[in-house]
Structures are given as structure tokens and as C-alpha cells.
Amino acid sequence: MYIVPDKTQVFQAIKSNIELIASDSKSFDEYIQKIAIFAKLIRLNVSESEFINLCFKSWDYLKNDKNKSSNSSKK
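Going by this note's numbering, the letters in the sequence shown line up with residues 110 to 184, in that order.
Take a look at the structure:
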């Protein structure tokens, strides 16, 4: 018998993994390599250009979010 998680749980797990990968990556190239492996593991089915675009957007978002939280903690 299999337990099937709902979409919210799946998306939260993916988001958590991507945030972990981003925080552990020292460069965008390293981030893309790690995300590519992760995408293969979860069988993400997107074109190469869509994948690279997603990486740019997520990298920028995660790094900007990290900077905002570190700046707000300095106040």
C-alpha cells in the first residue's frame, strides 16, 4: 500500500530541497549542476531552455530572499 501525498506536500518538499541546494551552492554553475541532478531524480519533464530559465529565476529569488532576511536581521 502506497501513501500518496497531496500536491501541497510535494511542492513544499521540492521547494525545501531547492532552497537547501541554493544555500549549499557556491556559484550559479554549481547550483545548475545540483538542480539538474535533482530534476532527474524527481523526473522533471521540461525543455532545456525552460530548465535554465527556472534555474535563473529560482537562484535570483532565493539569493535576494536570503539577502533581505540577513539585512532585516541586522536592524
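C-beta: ideal position from N, C-alpha, C; glycine also. Note that the structure is predicted; figures quoted are calculated from it, not measured.
Give a yes or no on whether the C-beta atoms belonging to ASN126 and PHE147 are separated by under 8 Å.
As a working mapping, residue 126 is identified with position 17 in the sequence shown. As a working mapping, residue 147 is identified with position 38 in the sequence shown. Yes, the pair counts as a contact, with Cβ atoms nearer than the cut-off.
Between GLN142, PRO114, PHE120, which lies nearest to CYS164 when the distance is taken from Cα to Cα?
Residue 164 sits at position 55 when you count from the first residue of the sequence shown. Nearest C-alpha to CYS164: GLN142.
Measure the alpha-carbon distance for ILE112 versus ILE123 and round it to whole angstroms.
Taking the sequence shown and counting its residues from 1, one reaches residue 112 at position 3. Taking the sequence shown and counting its residues from 1, one reaches residue 123 at position 14. Whole-angstrom Cα-Cα distance: 17 Å.
Residues in the same chain with beta-carbon distance under 7 Å from ILE130, minus the five sequence neighbours each way, listed in chain order, please.
Working through the sequence shown from its first residue, we reach residue 130 at position 21. Counting only Cβ-Cβ distances below 7 Å, and skipping sequence neighbours, we find TYR140, LYS143, ILE144, PHE147.
Among GLU128, ILE151, LYS149, LEU150, which one has its Cα closest to the Cα of ASP169?
Position 60 of the sequence shown, counted from the start, is the residue given in the question as residue 169. Closest by alpha carbon: GLU128.
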